[in-house]
Amino acid sequence: MDKAKLLLKSGTWSIDDIADEVGFSDKSGFIAAFKRVENITPGQFKSQFEDQQLGILMDNEKVKNVNIATVFELLKDKKRFPL
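The numbering of the sequence shown is full-length UniProt numbering, which starts it at 1 and goes up by one.
Structure (structure tokens):
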């Protein structure tokens with residue numbers, strides 16, 4: 001699952017393509033195996049990682065490492081922000 005996690009983190013691979021790349025003949029088998037090992041679905045894993053990539057870290061109520069262009073692109077891609 002390490003390779004699958006790397007591909008999910010890349011943000012450029014679909015779950016179908018990742019399933020094929022790591023040796024599963026269908027997406028449903030990959031999703032079931034991933035969930036069995038990681039306790040979340042590949043889609044949930046990908047979403048969590050994308051959210052982390054927003055770079056918004058709260059530490060003593062201070063926002064750090066915000067790249068506004070990246071934030072807008074991620075929000076636009078996830079349909080959270082109408083641009």
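All C-beta atoms, glycine included, are put in the ideal place defined by N, C-alpha and C. Treat the numbers as computed from the prediction; the structure is a model and nothing was measured.
If I measure Cβ to Cβ from residue i and keep anything under 7 Å in the same chain, skipping five residues before and after, which residues do I get?
i: K27; result: I15, D16 and A19
i: F49; result: L8 and K9
i: T41; result: I31, F34 and K35
Tell me whether the beta-carbon of residue i lies closer than 9 Å to the beta-carbon of residue j.
i: K46; j: K9; result: yes
Among the residues of its own chain, which have a CB less than 6 Å from the CB of residue i, if the five just before and after it don't count?
i: T30; result: The residue you asked about is not Thr; residue 30 is Phe in the sequence shown. Here the set comprises A19 and F24.
Going along the chain, which residues of its own chain have a beta-carbon closer than 8 Å to the beta-carbon of residue i, five neighbours each way excluded?
i: E38; result: M1, K5 and F45
i: A33; result: M1 and F24
i: W13; result: L7 and E21
**Study point:** Unbroken stretches of the alpha helix (DSSP H), 4 residues or longer, contained in the UniProt domain "HTH araC/xylS-type" (1 to 48)
**Key:** 2 to 10, 15 to 21 and 27 to 38
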